[in-house]
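K.L.:
Number of protein chains: 2
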Amino acid sequence: MSPPVKVFGHPMSTNVARVLLCLEEVGAEYELVPVDFLAGKQNDPQHVQRNPFGKIPAFQDGDLVLFESRAIAKYILRKHKTDDLDLLKESSSSSSSIEEEAAMVDVWTEVEAQQYYPAISLVVFECIIFPVMRGTTANQEIVDGSLERLKRVLEVYEARLEKSRYLAGDSISFADLNHFPFTFYFMATPYASVFDGYPKVKAWWEGLMARPAVKKVCANMPTDF
Amino acid sequence: MSPPVKVFGHPMSTNVARVLLCLEEVGAEYELVPVDFLAGKQNDPQHVQRNPFGKIPAFQDGDLVLFESRAIAKYILRKHKTDDLDLLKESSSSSSSIEEEAAMVDVWTEVEAQQYYPAISLVVFECIIFPVMRGTTANQEIVDGSLERLKRVLEVYEARLEKSRYLAGDSISFADLNHFPFTFYFMATPYASVFDGYPKVKAWWEGLMARPAVKKVCANMPTDF
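Going line by line, the protein sequences match chains A and B. Going by numbering that gives the first Met the number 0, the first residue of the first sequence is number 0, and it counts up by one from there. Going by numbering that gives the first Met the number 0, the first residue of the second sequence is number 0, and it counts up by one from there.
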């Protein structure tokens with residue numbers, strides 16, 4: 000048996016959490032090698048050899064070293080895909096064509112990156128991350144603007160989730176999982192109730208939070224700073 | 000024969016150019032349906048039906064409608080892949096495993112999105128896009144900061160391109176193509192000579208610019224505003 004893969008990073012990091020969630024979803028064994036990013040250890044030469052941009056996570060599977068959390072996550076999902084578990088839908092065998100199913104995963108994965116993340120992340124940065132890392136208090140103007148932007152995005156999600164159970168169709172995919180890290184921290188801000196206005200989105204989120212893999216990753220993401 | 004696919008957008012848009020370049024690279028027939036984004040036509044109800052976020056491009060292939068340029072581009076590359084032309088490397092037949100080759104394309108595709116784009120795009124926005132769309136002049140502090148950030152990114156690229164001809168290995172991939180739209184406009188700013196400090200990167204870029212598909216897309220991207 001090959002040794003477990005290694006993830007270099009800290010479980011509180013949203014980008015590390017993305018990778019850990021995929022490992023948990025596919026049931027892969029892994030070793031989490033701590034890199035204390037609050038102390039700047041991601042810039043140590045040893046880590047820069049793994050990730051030339053000095054960011055976490057980095058990932059090792061035998062001789063293969065990868066960086067960029069979304070790329071790592073896709074590698075994990077491809078490597079461990081089975082007929083029953085194909086979270087990228089690159090090879091499923093339903094009635095619609097493979098290209099179309101994979102395209103819907105890509106569309107909603109990109110929507111998370113390009114539309115959802117820019118809105119929700121600023122609220123999390125202002126209310127949770129910057130206060131811890133920089134000792135600042137939230138800039139209310141940025142928070143309010145981001146919440147307005149987030150509401151417009153959630154309107155589109157509500158309409159989408161009226162048509163299908165998950166974002167890329169009726170089964171869960173990488174597109175849904177990608178929403179976990181920042182939404183998890185958003186729910187610890189004073190603005191969690193924003194989701195109450197979007198019942199389909201809220202039910203979708205509660206469904207994600209009920210997954211055993213999500214619960215396991217959450218356990219190492221404290222929000223009571 | 001099925002009718003050509005449709006791209007809804009404007010060829011000057013970097014996100015539209017990404018899609019057009021992939022169509023040209025695979026030699027697919029397509030129809031470009033103009034959406035005048037300078038006049039805000041991407042928010043017309045007809046276009047919002049295609050892209051619920053009111054952005055360009057949108058894409059249609061028969062009954063399938065897609066949005067988000069990176070997702071559209073991947074759909075095109077998957078649909079038209081052959082043994083000789085597999086720009087996502089999801090099914091190539093070299094000695095290294097398929098998962099590893101696809102992972103390297105994903106890593107450098109993400110590097111473009113997360114490291115390269117945030118640095119180079121601000122220079123393009125300040126020097127070219129905002130002056131045209133908002134009538135402003137470049138904020139030199141933002142430009143200078145972005146150039147410093149870009150240089151640090153280009154250092155990593157130089158080291159990478161000393162080891163392989165292209166970013167994801169010795170053959171071209173989607174990861175390289177993704178750099179085209181913003182680098183093309185960057186070369187029309189007063190800072191093009193920044194690339195002179197990175198000879199491998201400069202040769203890689205000149206190689207991209209020499210491709211017939213790139214030349215064809217460039218022809219509709221004027222830089223003499």
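Beta carbons: idealized from backbone N, C-alpha and C, even for Gly. On a predicted model such as this, the values are computed, not experimentally measured, just so you know.
Check each residue of the region 165-183 of chain A: if its Cβ is closer than 8 Å to any Cβ of chain B, include it; give the result in chain order.
P.N.:
Cβ contacts with chain B come from no residue of the region 165-183 of chain A.
K.L.:
For chain B, check one thing: does any of its Cβ atoms lie closer than 8 Å to the Cβ of L63 (chain A)?
P.N.:
Position 64 of the first sequence, counted from the first residue, corresponds to residue 63 (chain A). For L63 (chain A), the answer is yes, since a Cβ of chain B falls inside 8 Å of its Cβ.
K.L.:
Could you have a look at D175 (chain A) and say whether DSSP puts it in helix, strand or coil?
P.N.:
Numbered from 1 along the first sequence, position 176 holds the residue referred to as residue 175 (chain A). The answer is helix: DSSP assigns D175 (chain A) an H, G or I state.
K.L.:
According to DSSP, is V106 (chain B) part of a helix, a strand, or is it coil?
P.N.:
For the purposes of this step, residue 106 (chain B) is taken as the residue at position 107 of the second sequence. In the structure shown, V106 (chain B) sits in a helix (DSSP, three-state: H, G or I).
K.L.:
Within 8 Å (strictly less), CB to CB, does V15 (chain B) reach chain A?
P.N.:
Here residue 15 (chain B) corresponds to residue number 16 of the second sequence, with the count starting at 1. It does not: the Cβ of V15 (chain B) has no partner Cβ on chain A nearer than 8 Å.
K.L.:
Going by CA-CA distance only, name the one from A:H178, A:E98, A:R49, A:A167 that's closest to Y115 (chain A).
P.N.:
Counted from its first residue, the first sequence places residue 115 (chain A) at position 116. Ranking A:H178, A:E98, A:R49, A:A167 by Cα distance to Y115 (chain A) puts A:H178 first.
K.L.:
Skipping 5 residues on each side, what residues in its chain have a beta carbon closer than 6 Å to that of G53 (chain B)?
P.N.:
Here residue 53 (chain B) refers to the residue found at position 54 of the second sequence. Excluding residues within five positions, the ones whose Cβ falls inside 6 Å are Q41, N42, V47.
K.L.:
How would you write the range of the alpha helix (DSSP H) that L76 (chain B) sits in, first residue to last?
P.N.:
Here residue 76 (chain B) refers to the residue found at position 77 when the second sequence is read from its first residue. Taken as a continuous stretch (DSSP letters only), the alpha helix (DSSP H) holding L76 (chain B) covers 68-78.
K.L.:
Can you list, in chain order, the residues of its chain with a C-beta nearer than 7 Å to that of L84 (chain A)? Leave out the 5 residues immediately preceding and following it.
P.N.:
As a position in the first sequence, residue 84 (chain A) is number 85, starting the count at 1. Cβ within range, chain order: V25.
K.L.:
Could you work out which residue in A:I128, A:V64, A:S96, A:M132 is closest to E99 (chain B) when comparing CA atoms only?
P.N.:
Against the second sequence, residue 99 (chain B) aligns to sequence position 100. Closest by alpha carbon: A:V64.
K.L.:
If you draw a straight line from the alpha carbon of P189 (chain A) to that of L153 (chain A), how long is it in whole angstroms?
P.N.:
Residue numbering aside, residue 189 (chain A) sits at position 190 when the first sequence is read from its first letter. Residue numbering aside, residue 153 (chain A) sits at position 154 when the first sequence is read from its first letter. Those two C-alpha atoms are separated by around 17 Å.
K.L.:
Starting from D83 (chain A), follow the alpha helix (DSSP H) in both directions and report where the run begins and ends.
P.N.:
The count along the first sequence starts at 1 and reaches residue 83 (chain A) at position 84. Taken as a continuous stretch (DSSP letters only), D83 (chain A) belongs to no alpha helix (DSSP H), as it is neither H nor E.
K.L.:
Are V106 (chain B) and E109 (chain A) close, meaning C-beta to C-beta below 8 Å?
P.N.:
Along the second sequence, read from residue 1 onward, the residue named residue 106 (chain B) stands at position 107. Along the first sequence, read from residue 1 onward, the residue named residue 109 (chain A) stands at position 110. The answer is no: Cβ separation not under 8 Å.
K.L.:
Taking C-beta pairs closer than 8 Å, name the residues in chain A that Q48 (chain B) reaches, listed in chain order.
P.N.:
Along the second sequence, one-based indexing puts residue 48 (chain B) at 49. Those within 8 Å of Q48 (chain B) in chain A number zero; the least Cβ separation is about 11 Å.
K.L.:
State the DSSP-derived secondary structure class of A202 (chain B), mapped to helix, strand or coil.
P.N.:
Within the second sequence, the letter at position 203 stands for residue 202 (chain B). Of the three classes helix, strand and coil, the one that applies to A202 (chain B) here is helix, per DSSP.
K.L.:
On a CA-only basis, which of B:Y156, B:F183, B:S172 is nearest S120 (chain B)? Give me that one, please.
P.N.:
The residue labelled residue 120 (chain B) in the question sits at position 121 within the second sequence. Among B:Y156, B:F183, B:S172, the Cα nearest to that of S120 (chain B) belongs to B:F183.
K.L.:
Would you mind working out which of B:L160, B:S192, B:R164, B:L176 sits nearest R210 (chain B), comparing C-alpha positions?
P.N.:
Taking the second sequence and counting its residues from 1, one reaches residue 210 (chain B) at position 211. Out of B:L160, B:S192, B:R164, B:L176, B:L176 has the C-alpha closest to the C-alpha of R210 (chain B).
K.L.:
Under 8 Å between the Cβ atoms of A38 (chain A) and R49 (chain A)?
P.N.:
By 1-based counting over the first sequence, the position of residue 38 (chain A) is 39. By 1-based counting over the first sequence, the position of residue 49 (chain A) is 50. Cβ distance not < 8 Å, so A38 (chain A) and R49 (chain A) don't count as in contact.
K.L.:
Check the Cβ of P51 (chain A) against every Cβ in chain B and list those closer than 8 Å, keeping chain order.
P.N.:
The count along the first sequence starts at 1 and reaches residue 51 (chain A) at position 52. Residues of chain B passing the Cβ test: V155, A158, R159.
K.L.:
Helix, strand or coil: how does DSSP classify D169 (chain A) here?
P.N.:
One-based indexing of the first sequence puts residue 169 (chain A) at position 170. The answer is coil: DSSP assigns D169 (chain A) none of H, G, I, E or B.
K.L.:
For K5 (chain B), would you say it is in contact with chain A, using Cβ-to-Cβ distances shorter than 8 Å as the test?
P.N.:
Indexing the second sequence from 1 puts residue 5 (chain B) at position 6. Not an interface residue.
K.L.:
Helix, strand or coil for D60 (chain A), going by three-state DSSP, please let me know.
P.N.:
Reading the first sequence from its first residue, position 61 is the one you call residue 60 (chain A). Three-state DSSP puts D60 (chain A) in a strand.
K.L.:
Nearest to E30 (chain A) by alpha carbon, out of A:R17, A:M11, A:V6?
P.N.:
For this step, residue 30 (chain A) is matched to residue 31 along the first sequence. It is A:V6 whose Cα lies nearest to the Cα of E30 (chain A).
K.L.:
Can you give me, in chain order, the residues of the region 64-80 of chain B that have a beta carbon less than 7 Å from any beta carbon in chain A?
P.N.:
Within the region 64-80 of chain B, the qualifying residues are L65, F66, E67, R69, A70, K73, Y74, R77, K78.
K.L.:
Given a cut-off of 8 Å on the beta-carbon distance, is the pair F185 (chain B) and V123 (chain B) in contact?
P.N.:
Here residue 185 (chain B) is taken as the residue at index 186 of the second sequence, counted from 1. Here residue 123 (chain B) is taken as the residue at index 124 of the second sequence, counted from 1. Yes, they are a contact pair.
K.L.:
Express the C-alpha separation of E111 (chain B) and A167 (chain B) in angstroms, rounding to a whole number.
P.N.:
As a working note, residue 167 (chain B) is residue 168 in the second sequence. As a working note, residue 111 (chain B) is residue 112 in the second sequence. Each residue's Cα considered, the two are about 12 Å apart.
K.L.:
Taking C-beta pairs closer than 9 Å, name the residues in chain B that E125 (chain A) reaches, listed in chain order.
P.N.:
For the purposes of this step, residue 125 (chain A) is identified with residue 126 of the first sequence, where counting begins at 1. None at all; the shortest Cβ gap to chain B is about 19 Å.
K.L.:
Decide if D195 (chain A) is buried, meaning its Cβ has at least 16 other Cβ atoms within 10 Å, or exposed.
P.N.:
As a working note, residue 195 (chain A) is residue 196 in the first sequence. Per the 10 Å Cβ criterion, exposed.
K.L.:
Looking at the structure shown, is V34 (chain B) part of a helix, part of a strand, or coil, going by DSSP?
P.N.:
As a working note, residue 34 (chain B) is residue 35 in the second sequence. In this structure, V34 (chain B) counts as coil in the three-state DSSP scheme.
K.L.:
Mapping DSSP to helix, strand and coil, what is F52 (chain A)?
P.N.:
In the first sequence, the residue the question calls residue 52 (chain A) occupies position 53. DSSP places F52 (chain A) in coil when its eight states are reduced to three.
K.L.:
Just confirm the distance between the C-beta atoms of E157 (chain B) and K199 (chain B), as a whole number of angstroms; I'd bet it's less than 8 Å.
P.N.:
Here residue 157 (chain B) refers to the residue found at position 158 when the second sequence is read from its first residue. Here residue 199 (chain B) refers to the residue found at position 200 when the second sequence is read from its first residue. The pair is a contact, with the Cβ atoms about 5 Å apart (cut-off 8 Å).
K.L.:
Among A:A202, A:P51, A:V216, which one has its Cα closest to the Cα of R164 (chain A)?
P.N.:
As a position in the first sequence, residue 164 (chain A) is number 165, starting the count at 1. Among A:A202, A:P51, A:V216, the Cα nearest to that of R164 (chain A) is on A:A202.
K.L.:
Along chain A, which residues have their Cβ under 8 Å away from the Cβ of A118 (chain B)?
P.N.:
On the second sequence, position 119 is the one that residue 118 (chain B) refers to. Simply none; closest approach about 11 Å.
K.L.:
Does the Cβ of S12 (chain A) have 16 or more other Cβ atoms within 10 Å, making it buried, or fewer, making it exposed?
P.N.:
Within the first sequence, residue 12 (chain A) is the residue found at index 13, counting from 1. It counts as buried.
K.L.:
Per DSSP, what kind of secondary structure is G134 (chain A) in: helix, strand or coil?
P.N.:
Position 135 of the first sequence, counting from 1, holds the residue named residue 134 (chain A). DSSP places G134 (chain A) in coil when its eight states are reduced to three.
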